[in-house]
Ligand code: CP3
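In the numbering used here, the protein residues as written are 921 to 1273.
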């Protein structure tokens, strides 16, 4: 491995500077991504064609020299494999032809053999590893059971914070739990397949964990995250895991206790406080507000430095992976990303003890 800064930071080993990658780093802000997407016809075809998924995964690495690549795919490949019929409506986000509306729908969910239904993801991972040729590590990922359940029960993106799903939490908690249990074992198999194909770290996206009531977070999200982390640790003890709960700042300690190696933080979190709360249990990943990248390059540099400095000195066991607090906006000017990467390198070199 030519650049293993990212893996060292996740393991809280010494680094010369803070590694950086960005959530959704392969996406519509890149002209080369838009060109490949056009060639594919649509987003899902891009995900399902390993050669094209590989091409777009490498684009941000080639352009910016990020310290990690992330598999180009989507969290909704799992509900798609469960037969819900994923499609994207322009300007509205993901939709399913079928949604989970009753006990009968839950019982009717088919058994999924990941290698059979999601083999295209394994093929993409293997191809990307080959094309990366040891330049930087490759991150595999999955949605969390709770976040996947949100999309499956509501039938797609939601304009009302998944109110229909949250209603079920009170009226049919048994059904929500049944969906979560099905998804938990599927996510384990899916991540396991990605690791066996070459993924060198796994990130779990709980994008909607922050919608849960405090009394519900543990039972409806954290427990399934912990079960996945533990199962992956048993099967692949050397593969680090990152758990990102958007809006989960109030639960950092309990997220760290899932046994993950790193906790993702959105931009509402103060990294210095986060560090003192989780101690040296885990590394932290985050947490620049993606909106900063829509401003001037000078502002980008100043805010990047602020995030690096808020994490503090990079002593032994510090463990910071610089990222945004959520996905990069499609309206981000290309040069601002260059300014960001340079500023993180410069500011973090000054934080090395
Ligand atoms: O980070 C990366 O570069 C890897 C690729 C990646 C995508 N989606 C590509 C994508 C990853 C890791 C995801 C995860 C994902 N997908 C999440 C969790 C992270 C988060 O953002 O909270 C969620 C909730 C989804 C579901 C999803 N997929 C939505 C809501 C949308 C529409 C959003 C939009 O911006 O239109 C997608 C589509 C999607 N996934 C795009 C990309 C690059 C845009 C699709 C396009 O090219 O039209």
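Glycine residues also receive a C-beta, built at the ideal position from the N, C-alpha and C atoms.
Own chain partners of residue i with C-beta closer than 6 angstroms, once the 5 adjacent residues on each side are dropped
| i | result |
| --- | --- |
| residue 1269 | 937 |
| residue 1073 | 1020 and 1085 |
| residue 1059 | 988, 990, 1121 and 1123 |
| residue 939 | 925, 926, 929, 987 and 1241 |
Residue i versus residue j: straight-line alpha-carbon distance, rounded
| i | j | result |
| --- | --- | --- |
| residue 1138 | residue 1154 | 22 angstroms |
| residue 1223 | residue 1029 | 46 angstroms |
| residue 1211 | residue 1181 | 27 angstroms |
| residue 1151 | residue 1064 | 14 angstroms |
| residue 1049 | residue 1113 | 14 angstroms |
| residue 1104 | residue 1244 | 27 angstroms |
| residue 980 | residue 1032 | 32 angstroms |
| residue 1199 | residue 1110 | 31 angstroms |
| residue 1256 | residue 1118 | 31 angstroms |
| residue 1274 | residue 1273 | Outside the modelled stretch of the chain, which goes from 921 to 1273, sits residue 1274, for which no answer is possible. |
| residue 978 | residue 1252 | 19 angstroms |
Whole-Å CB distance - residue i paired with residue j, under 8 angstroms assumed
| i | j | result |
| --- | --- | --- |
| residue 1067 | residue 1140 | That pair is no contact at about 11 angstroms. |
| residue 1076 | residue 1016 | 6 angstroms |
| residue 1035 | residue 1044 | The Cβ separation is near 14 angstroms, so there is no contact. |
| residue 1202 | residue 1238 | The pair is not a contact, with the Cβ atoms about 11 angstroms apart (cut-off 8 angstroms). |
| residue 1241 | residue 1205 | 4 angstroms |
Proximal residues to residue i (C-beta, below 8 angstroms), its chain only, five neighbours per side dropped
| i | result |
| --- | --- |
| residue 971 | 1047 |
| residue 1192 | 1230, 1231 and 1232 |
| residue 966 | 956, 957, 960, 972, 973, 976 and 992 |
Run of the beta strand (DSSP E) containing residue i, from where it starts to where it stops
| i | result |
| --- | --- |
| residue 1063 | 1058-1063 |
| residue 1025 | Element bounds for residue 1025: not the beta strand (DSSP E) but the alpha helix (DSSP H), 1023-1027. |
| residue 1013 | 1013-1016 |
| residue 1123 | 1121-1126 |
| residue 1243 | 1240-1244 |
Beta-carbon proximity list for residue i, same chain, < 7 angstroms, skipping 5 on both sides
| i | result |
| --- | --- |
| residue 1178 | 1142, 1145, 1146, 1149 and 1163 |
| residue 1000 | 1006 |
| residue 1089 | 1096, 1136 and 1140 |
| residue 947 | 953, 1248 and 1250 |
| residue 1235 | 1273 |
Boundaries of the alpha helix (DSSP H) in which residue i is found, first to last residue
| i | result |
| --- | --- |
| residue 1211 | From DSSP, residue 1211 is part of no alpha helix (DSSP H); its letter is neither H nor E. |
| residue 1175 | 1172-1176 |
| residue 1115 | 1093-1117 |
| residue 1148 | 1143-1155 |
| residue 1274 | Lying outside 921 to 1273, the shown extent of the chain, residue 1274 is not represented and no answer is given. |
| residue 1264 | 1254-1269 |
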